[in-house]
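Numbering (the working numbering), first residue to last: 16 to 252. All C-beta atoms, glycine included, are put in the ideal place defined by N, C-alpha and C. Keep in mind it's a predicted model, so treat the numbers as computed, not measured. Data first, discussion second: the structure below is written as structure tokens.
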Ligand SMILES: O=C(CO)[C@H](O)[C@H](O)COP(=O)(O)O
């Protein structure tokens, strides 16, 4: 069942941004209509890639405050262990913090750390991670993130079996009666976003689909791609 009553949110993943001009990239995608900034943290341990940490988040948050850019920073931790970095990202201006259940020794405690720090909390599910991790903690969640690629790299193809997983996650969330966002991350493009939305996702992480636009010659690249997502999502119902 599609999430007809949910508002759709677009979350560009800065994994594919030009890190040399990160503040400006974030300004441009938000001004072009994006809703959240998806901030991918990789440690070369939990995933085979290394990206950015709390110092960059803190600078970005300060830049956004200074320049009046209002958008939640949605921090996706692909690290193990998670708790120490959770504390640092709370301090760095994160709005959402999500982590992988396999990466925490005490999932309930990690969720409590996030919520006690004033942030919204979420669990992230790799393609083969069962949704049973939602049992007993769903009342502590603000977001469920379904990875539709194996984590670690941008530019991979959407794994079709994740449509069924999104449908299952949507059913569980609806049964909980809680306002939990259902985010999807990996291989989200203009040509598949409608079926992904109809499977129940309401929050769409897009890295290469958005940020490849600035490498084209189109000076309105971000406007065009984000408008494209909005138009398709409106069709999705
Ligand atoms: O978390 C990620 C990879 O682990 C990225 O956010 C994700 O892959 C987005 O990139 P793209 O839209 O290019 O697939």
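{"query": "Distance check for residue 109 and residue 47, CA to CA, integer angstroms please.", "result": "21 Å"}
{"query": "Which whole runs of the alpha helix (DSSP H) in the stretch 52-87 are 4 residues long or more, in chain order?", "result": "69-82"}
{"query": "Three or more C-beta pairs closer than 8 Å, one from the stretch 186-205 and one from the stretch 153-172: is that the case here?", "result": "yes"}
{"query": "Where residue 53 and residue 115 are concerned, what is the direct C-alpha to C-alpha distance, given to the nearest angstrom?", "result": "15 Å"}
{"query": "For ligand 1, I want to know if residue 166 counts as a neighbour, meaning its beta carbon is within less than 7 Å of at least one of the ligand's heavy atoms.", "result": "yes"}
{"query": "Which complete beta strand (DSSP E) runs does the stretch 100-161 hold, if anything under 3 residues is left out?", "result": "111-114 and 135-140"}
{"query": "Using only CA atoms, which one of 81, 97, 61 and 177 lies nearest to residue 211?", "result": "177"}
{"query": "Tell me which residue opens and which closes the alpha helix (DSSP H) that residue 44 is part of.", "result": "37-46"}
{"query": "Taking 8 Å as the cut-off, decide whether the C-beta atoms of residue 147 and residue 118 are in contact.", "result": "no"}
{"query": "In whole angstroms, what is the alpha-carbon distance linking residue 251 and residue 29?", "result": "25 Å"}
{"query": "According to DSSP, is residue 249 part of a helix, a strand, or is it coil?", "result": "helix"}
{"query": "For residue 128, which of 111, 70 and 170 has the nearest alpha-carbon?", "result": "111"}
{"query": "Does the Cβ of residue 36 have 16 or more other Cβ atoms within 10 Å, making it buried, or fewer, making it exposed?", "result": "exposed"}
{"query": "Excluding sequence positions up to five away, which residues of its chain have a Cβ less than 6 Å from the Cβ of residue 61?", "result": "93, 94, 95 and 118"}
{"query": "Work out the CA separation of residue 87 and residue 26 for me, nearest whole Å.", "result": "10 Å"}
{"query": "Any idea if residue 16 is buried or exposed, counting beta-carbon neighbours within 10 angstroms, 16 or more meaning buried?", "result": "Here the model assigns residue 16 a pLDDT of 42, short of 50, so the residue's position is not dependable and the matter cannot be decided."}
{"query": "What does a CB cutoff of less than 8 Å around residue 73 pick up in its chain, not counting 5 residues either side in sequence?", "result": "106, 107 and 108"}
{"query": "What's the call for residue 166, buried or exposed, on a 16-neighbour Cβ count within 10 Å?", "result": "buried"}
{"query": "Cutting at 6 Å between CB atoms, please list the residues of its own chain near residue 226, excluding the five before and the five after it.", "result": "31 and 32"}
{"query": "Measuring only the C-alpha atoms, how far is residue 11 from residue 208?", "result": "Residue 11 lies beyond the residue range present for the chain, which begins at 16 and ends at 252; the question has no answer from this structure."}
{"query": "List the endpoints of the continuous beta strand (DSSP E) containing residue 24.", "result": "24-27"}
{"query": "Do you know how far the Cα of residue 120 is from the Cα of residue 23?", "result": "33 Å"}
{"query": "For residue 172, which residues from the same chain have a beta carbon less than 6 Å from its beta carbon, with the 5 sequence-adjacent residues on both sides left out?", "result": "202"}
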